[in-house]
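Residue numbers (the numbering used here): 10 to 666.
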């Protein structure tokens, strides 16, 4: 068996290759695939822990108590120091709604189950990642769940021949990988967060321990394997992106790269020499503490400042994280890890201390939850703003609003069941139509007209065009929805007027609004995927849709794009009032989102060319490139890009042009 018998500097260097991309990715400083650093950590962990377990079992020194004693001393001290510091900072920075959510994540984090919590709570209208200071603890939870059963599995495997043990681990690895790929397509959130779809990555490291040690005559092959491993990791870090389907088979690239480097590191070679470079080894030594500190620092810094961190601010945040990591490695990690040859009584005391620490932090989480995030910390106005961030309710109007990815078979019956002989009006679009629904219904009711709302979240109204998903594949549900709705509206004589609204700017953004193809459009299969194609499809679809509706005798009004903000407007304003800072920091700057005014210009021109009315939301919400979050104490937005009820009324206050 290939086991680690002494500290390998190359593994510390590999840890640096894992943590640095994660830091740069999370800080927005490049490396779009930097998130694969977590996968590299999984492989390293599986290799090192399995080495210890197999070696102890083979020597007859296997002890569950000893294993968890070491695990507690390795994981708990730095983790609980970071949790304590983060909780204190959260009391100062987080709003009641955020602190309440933080309480839940803290509870699940100390129970090493936060991956399950984040899997359960991720949704379309959920908070962005930056509002979750403990989001990164999901990976610790996956590892600790794996190590609940893995020591016992190793104990059984050591009773078998090496080939039999290898075969069993390989079968488990392949089964988990196949499940990961299936879930990545069917349930991406489950695939990302849950142990069954992640365990294969730890098993990649574990199976290396069952390989025979490399023979000296294979030195050149090992050197080549190390170079290939570096190339695989570099490829993943540079060319992967956050909206691709992941983990699944895609995660094989960084995981195999890490495995090749771990195996090749048993002999000298160019890759091994690079990984043993002292600066990399130094970063690797503090990588655990650095991982723990970096995300709370980035998250809380952005929330405190009220805007996306600039490059300079991100560098400062990472430098602060590194300093904290060095201090916690030196004064927290090392003292607990340097103790050896502990007897059973000492190990039991360690376990008791670990359980007590969990209880203390679980109790703290319970206090935050019971106190509803301690709203008494805020002034009444700040609390009002914070409550506005939670308000997503809409009146139930005739028609339909679809939130899921599928389109029901009874779509047309559901959406048009309220058809009557008298004239009616339809609002059609995505969530950016939904946010204007109530205000439009009130406006029409004053004129004796009824509104039917037909919306699908994430599905902008582009009939005849196909919206592409994260990997450039067509989204058939959106195409099916839009084509069916257009045909039904045209065929319904009771519908006299159609309002159309969507998150238009997304489809003109560089990278399709998601950093990749997510949000791009195309008219025909096989067309090149890119912004130019998407812009052409945008124009053709809107023009064709309006002309078809107009030829069917329908009046059409296009509602233009609204500004988009870096953070939730109500939360930003609540924090501004609470901390006494300048409310203008919550404004949006169109200069940083050129696709939004571009979409506005295109739609305005298309409305003029086709005889449609046009509601220019930017004209009503912005003064030049600056768009205010509201007027006085009235907010125009309920999150980063959806209008509040007051904002929707403000947009609709003037006549369409």
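Think of the CB as a built atom: it goes at the ideal place given N, C-alpha and C, for glycine as much as any other residue.
Secondary structure of residue i, DSSP reduced to three states
i, result
"residue 556", "helix"
"residue 580", "helix"
"residue 34", "helix"
"residue 149", "helix"
"residue 649", "coil"
"residue 663", "coil"
"residue 475", "strand"
"residue 198", "helix"
"residue 131", "coil"
"residue 644", "strand"
"residue 18", "helix"
"residue 327", "helix"
"residue 530", "strand"
"residue 284", "helix"
"residue 388", "coil"
"residue 453", "helix"
"residue 168", "coil"
"residue 225", "helix"
"residue 277", "coil"
"residue 23", "helix"
"residue 405", "With a pLDDT of 49 at residue 405, under the threshold of 50, the modelled position of this residue cannot be trusted; read the value that follows with caution. Here residue 405 sits in coil by DSSP."
"residue 396", "helix"
"residue 524", "Model confidence at residue 524 stands at a pLDDT of 46, short of 50, so the residue's coordinates are unreliable; what they give is reported in the following sentence. The answer is coil: DSSP assigns residue 524 none of H, G, I, E or B."
"residue 333", "helix"
"residue 537", "coil"
"residue 428", "Bear in mind that a pLDDT of 49 at residue 428, under 50, signals an unreliable position, so the model cannot answer this."
"residue 381", "coil"
"residue 70", "coil"
"residue 289", "helix"
"residue 141", "coil"
"residue 573", "coil"
"residue 160", "helix"
"residue 317", "coil"
Residue interval of the beta strand (DSSP E) (run including residue i)
i, result
"residue 444", "Run containing residue 444: none; DSSP gives neither H nor E here."
"residue 266", "Counting along the chain, residue 266 falls outside any beta strand (DSSP E), though it belongs to the alpha helix (DSSP H) covering 261-273."
"residue 601", "Looking at the DSSP string, residue 601 is not in any beta strand (DSSP E), and its letter there is neither H nor E."
"residue 434", "433-438"
"residue 564", "564-568"
Presumed contact (8 Å Cβ cut-off) between residue i and residue j, rounded CB distance
i, j, result
"residue 533", "residue 469", "With a Cβ gap of about 18 Å, residue 533 and residue 469 do not count as contacting."
"residue 326", "residue 306", "5 Å"
"residue 579", "residue 626", "Not confirmed; about 19 Å, so no contact."
"residue 659", "residue 635", "Not a contact, Cβ separation roughly 16 Å."
"residue 501", "residue 472", "Not really, about 15 Å apart at Cβ, beyond 8 Å."
"residue 370", "residue 92", "6 Å"
Bounding residues of the alpha helix (DSSP H) (the contiguous stretch that carries residue i)
i, result
"residue 188", "171-195"
"residue 236", "228-248"
"residue 465", "Taken as a continuous stretch (DSSP letters only), residue 465 belongs to no alpha helix (DSSP H), being part of the beta strand (DSSP E) at 459-465."
"residue 52", "46-67"
"residue 313", "296-314"
"residue 118", "105-119"
"residue 100", "73-102"
"residue 210", "208-218"
Say whether the segment 138-145 touches the segment 218-235, bearing in mind that this needs 3 or more beta-carbon pairs closer than 8 Å, one atom from each stretch. They do not touch, by the three-pair rule.
Determine contact between the segment 94-104 and the segment 187-198, defined as no fewer than three beta-carbon pairs at a distance below 8 Å. Contact fails: fewer than three Cβ-Cβ distances are below 8 Å.
Write down every uninterrupted run of the beta strand (DSSP E) in the segment 479-511 whose length is 3 residues or greater and which is fully enclosed by it, in chain order. Runs of the beta strand (DSSP E) inside the segment 479-511: 504-510.
Would you check if the segment 31-50 and the segment 322-336 touch, i.e. whether three or more CB-CB distances between them fall below 8 Å? Contact between the segment 322-336 and the segment 31-50 is present, because at least three Cβ pairs lie under 8 Å.
Inspect the CB distances between the segment 307-317 and the segment 263-275 and report whether three or more fall short of 8 Å. Result no; under three Cβ-Cβ pairs closer than 8 Å.
Are the segment 551-560 and the segment 365-380 touching by the rule of at least three beta carbon pairs closer than 8 Å? With a cut-off of 8 Å on Cβ pairs, the segment 551-560 is not in contact with the segment 365-380, counting fewer than three such pairs.
Which parts of the segment 337-361 are runs of the beta strand (DSSP E), unbroken and 3 residues or longer, counting only runs that do not cross its ends? Along the segment 337-361, the beta strand (DSSP E) does not occur as any fully enclosed run of 3 or more residues.
If we require 4 or more residues per run, which alpha helix (DSSP H) segments fall completely within the segment 587-638? Listed in chain order, they are 604-619, 626-630.
Are at least three pairs of beta-carbons, each pair with one atom in the segment 151-160 and one in the segment 574-588, less than 8 Å apart? Verdict: no, contact absent.
Say whether the segment 272-285 touches the segment 62-73, bearing in mind that this needs 3 or more beta-carbon pairs closer than 8 Å, one atom from each stretch. The segment 272-285 is not in contact with the segment 62-73.
Taking 8 Å as the threshold, find out whether the segment 234-253 comes into contact with the segment 199-218 through three or more Cβ pairs. Touching, no, given that fewer than three Cβ pairs across the two stretches are closer than 8 Å.
Would the segment 433-444 and the segment 500-518 be scored as touching if the rule is three or more Cβ pairs under 8 Å? Flag = yes, the segment 433-444 and the segment 500-518 touch.
Kindly confirm or deny that the segment 249-256 and the segment 35-43 touch, where touching means at least three C-beta pairs closer than 8 Å. Output reads yes: the segment 35-43 touches the segment 249-256.
Is it a yes or a no for the segment 615-625 touching the segment 598-607, going by three-plus beta-carbon pairs under 8 Å? By the Cβ test, the segment 615-625 is not in contact with the segment 598-607, since fewer than three Cβ pairs between them sit closer than 8 Å.
Three Cβ pairs or more, each shorter than 8 Å: is that satisfied between the segment 484-494 and the segment 529-546? Of all C-beta pairs linking the segment 484-494 to the segment 529-546, fewer than three are shorter than 8 Å, placing the two stretches out of contact.
Does the segment 193-207 come close enough to the segment 121-131 to have 3 or more Cβ pairs within less than 8 Å? With a cut-off of 8 Å, the segment 121-131 and the segment 193-207 count as touching, because enough Cβ pairs lie within range.
Could you say if the segment 112-126 and the segment 56-72 meet the contact criterion of at least three C-beta pairs nearer than 8 Å? Touching, no, given that fewer than three Cβ pairs across the two stretches are closer than 8 Å.
Three or more beta-carbon pairs under 8 Å between the segment 373-383 and the segment 340-354, yes or no? No, they do not touch.
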